[in-house]
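Chains A and B are the protein sequences, given in the same order.
Number 265 marks the last residue of the first sequence (this note's numbering); no jumps.
Number 1399 marks the last residue of the second sequence (this note's numbering); no jumps.
Backbone N, C-alpha and C fix where the C-beta goes; we use that ideal spot for every residue, glycine too.
First the structure, in the form of structure tokens, and then the observations on it.
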Amino acid sequence: MEPSNGAFCAGVDIGAVGAKAVILAGGKIVGSAVVPTAVNAEKSGLSALEVALKMAGIMRSDLKQVVATGYGRRTIAFADKTITEIGCHARGAYSLNPKVRTIIDMGGQDCKAIRIDEEGRVTEFIMNDKCASGTGRFLEVMSRVFEIPVSEMGPLALQSERMVPMSSTCTVFAESEVISLMARGEKPEDIINGVHHAIAQRVAGLLTRVGLEDDVFFSGGVAKNVGMIKALEEIIEKKVVTSSENPQLMGALGAALYAAGRIAQ
Amino acid sequence: MKATTLDKIARAVQERPEQLLKAREKGGKVVGYFCSYMPEEIIYALGLIPVRLGRGGSDDLVELGGRYIGKGTCVFLRESVGLFAEGKEPFSQTCDLVAVATSCVQMFRLAEVINHFFKVPTLVLGVPRNFYLPQGRVYFQKEVENLTRQLEEFAGTKLDAAALKESVALYRSIRQILLKIYDFQAADSAPISWREVFDVVHAGFYLDRADYYRLLQELLSELTVMSAALQHAAGDERPRILLSGTNIPPGDTKLINLIEEAGGRIVGDDLCSGLRFISGLTVQDCSLAGVADAYLDKIPCATLPYLPSLETDRRLENLSRLIDHYRPDGMIYHTLRFCDAFTFKAAETKRFINDKISFMEIHTEYADSDIEAIRTRIDAFIEVLEGRRRAKISKAATA
């Protein structure tokens, strides 16, 4: 972790679905929060930060540096600097495990594959095109079709004994494909297994394009999904590691580390 | 500080539509054309007024044009059709004839649509797919010859050898001076930006070519003076970007704005609306066949397939030359939605230049719906380039 002489610094990551904040002091996480992103991106970022500040037991004025990242990064007027989520996820993942060379970040609205070198610098990245396939939003839409919470999608996929192949990863088309599969009498867990594999296949395409190298780290909200981890491991034939705490915080952690680095300079 | 000649050029472009109307009242004829494979020298030599048509950047016009040319076609051509459908843009409205070099199938469709729906007389110039073979060369010579006959008929005059020679000389001088101006913008502390130069190139689509040449001479001398004053100025530290890919026509500033806002600095391009419009094109022999050969020997557009080998592909060779000459840190490769030719060649372009500089392809269109997603990609790319630069500096410091 970066030295920041014990000063408090924060990273705020405003994503499409969740706003996240991490507060660091002396290289340790002393506060963190995830709140749903509301219509106003800056307010969402602020409320995530407020929760994290409370946890750390400090005031906003105690923060020496704030770095903002994520889709809403430019709206954060109180940030000292903005850095893209690509740089921040890379920094966050590398700080947890310096052997990481490839990062998959699956968030609410996009998905990216990032390559880093032995010093943690980004050398290459690819983001999916402007559509929701292979993202948290896709899983959310699917969970609604099955009328289960999105958090149960992964565990249910693991119960599947056979995988029903899906041909669509387009959110709109996949929905009607799932409905017709259900009408055919396929078991929900087998279809859900198929949904996870279809996404993993797409992500594998991104990974091939940036060049896949061990260790592979999975960050973002979707990394909390055990079914997704398993499907990815099966398709890329490599072990996929993630954060034992909360992979959703990787971007905010990376931003906080950049903030700490700015104090150290 | 901005060169004052730039304001003069911008004013001249603003006044040009009025001038064209007056010229037409006196019997002048305006030939609007599409695609940089159109040999302008011939149009000019016949006493016709060449104007390069087409604009970008307006999603409303794209939608309007799409009603005629279809929703699944090139966004630039949809907007260009939109100009005819809307009937407000002055240059498309003052054309007596539209000439289209059909370097891609969508360009050919544009000619059909303008002719069928908007009743503007339209000529096409076939551009051979097998441009690198002798039979392709013969075909293009015949096409240029045939186009010239049709233009002669339209102008009511025969092409005069002396007039062609004069025209060829004027265009050569224009291209040479523009290349010098391009060098000024790439300097470490530059008296002019790439964007300003890009606009100057576009002014040449519209202005009377002799007036344009005089303005360019004035700009060149102004830049020479400005540049001398900048000798000891601090260098520009922003990451240097080479912009490649699909045509970026006048009006389309989306990608350029995003690159500048991210802290990047464009220092060169290989766009057919920029450097590729003026470089690698020298007419040696002042005959129709000579003009045809020169245009076919230009740096090829990605729409033209090239089978022999990547090593001898002049499009790629040119990129190497541009990298050496303009010293970019990274290349941003622009694929406009439905411009298949450029996205086809993105992967091989990346492989070809990636050991020299970083590469990123951007797929976009004129609509603003993807602007933040594109911004994230460009911001991240600039961060990567800045990171590399810092690493290089710290390596040099410890060595």
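B/TYR1333 is bridged by DSSP to B/SER1244, B/GLU1361. Among the residues facing chain B, A/PHE125 is included, as its CB has a counterpart in that chain under 8 Å away. Counted as a single uninterrupted DSSP element, the alpha helix (DSSP H) harbouring B/ASP1059 occupies residues 1059 to 1069. Under the criterion of beta carbons closer than 8 Å, B/SER1273 and B/ILE1248 qualify as touching, at roughly 6 Å. Between the alpha carbons of B/PRO1039 and B/TYR1295 lies a distance of about 7 Å. Note on geometry: alpha-carbon atoms of A/GLU189 and A/LEU158 lie some 8 Å from one another.
Leaving aside the five residues that flank B/TYR1212 on each side, the residues in its chain whose CB is nearer than 6 Å to its CB run, in chain order, GLY1204. Per DSSP, the unbroken alpha helix (DSSP H) holding B/ARG1016 starts and ends at 1004 to 1025.
Listed along chain B are ALA1380, each with a C-beta nearer than 7 Å to that of A/ILE86. Around the Cβ of B/HIS1232, a 10 Å sphere holds fewer than 16 other Cβ atoms; the residue is exposed. Taking 8 Å as the threshold, the shortest C-beta distance from A/TYR258 to chain B does not fall below it.
Secondary structure at A/SER44: helix, using DSSP grouped into helix, strand and coil. Rounded to the nearest angstrom, the Cβ distance from A/ALA113 to A/THR102 is 7 Å, consistent with a contact under 8 Å. A/ILE76 is the residue among A/GLU175, A/GLU237, A/GLU186, A/ILE76 whose C-alpha sits nearest the C-alpha of A/LYS43.
Residue-level contact by beta carbon fails for B/GLY1072 and chain A, as no gap is shorter than 8 Å. Looking at the DSSP output, A/PHE8 sits in a beta bridge with A/ALA25, A/LEU63. Taking 8 Å as the threshold, the shortest C-beta distance from B/ARG1377 to chain A falls below it. In the DSSP assignment, A/CYS88 falls within the alpha helix (DSSP H) that extends over 85 to 96. CA-CA distance, B/ASP1355 to B/ALA1380, rounds to 19 Å. Across the structure, A/LYS239 and A/CYS9 are spaced so that their CA atoms are roughly 33 Å apart.
Here B/LEU1216 is near B/ILE1177, since their CB atoms are less than 8 Å apart.
Judged by their CB atoms, B/ILE1353 and B/LEU1319 are nearer to each other than the 8 Å cut-off. Under the Cβ distance rule, B/ALA1373 counts among the residues neighbouring chain A, one pair being separated by less than 8 Å.
Within the model, the alpha-carbon separation for B/ILE1114 versus B/ARG1067 is close to 13 Å. Annotation: A/GLY92 to A/LEU206 spans about 20 Å, alpha carbon to alpha carbon.
With 16 or more other Cβ atoms from the protein chains shown falling within 10 Å of its own Cβ, B/SER1080 counts as buried. Neighbours of A/ILE83 in chain B, taken as residues at a C-beta separation under 7 Å, are given in chain order as GLU1383. Distance from the Cα of A/GLU85 is smallest, within the candidate group A/GLY57, A/GLY72, A/ASN97, A/PHE78, for A/GLY72. In this structure, A/VAL241 sits away from A/VAL210, with a CB-CB distance that is not shorter than 8 Å.
Cα atoms of B/LEU1020 and B/VAL1031: separation of roughly 11 Å, rounded to the nearest angstrom. Closer than 8 Å to the CB of A/ARG121 there is at least one CB belonging to chain B. The beta-carbon distance between A/GLY136 and A/MET106, rounded to whole angstroms, is 6 Å. This is short enough to meet the 8 Å contact definition.
Looking at B/ALA1289, B/CYS1339, B/SER1244, B/PRO1128, the one whose alpha-carbon comes closest to that of B/ILE1266 is B/SER1244. Taken through DSSP and simplified to helix, strand or coil, B/PRO1128 comes out as coil.
By the criterion of at least three beta-carbon pairs nearer than 8 Å, the segment 1059 to 1079 of chain B is not in contact with the segment 1219 to 1235 of chain B. For A/ASP110, the chain B residues whose Cβ falls inside 9 Å of its Cβ are ALA1373, THR1376, in order along the chain.
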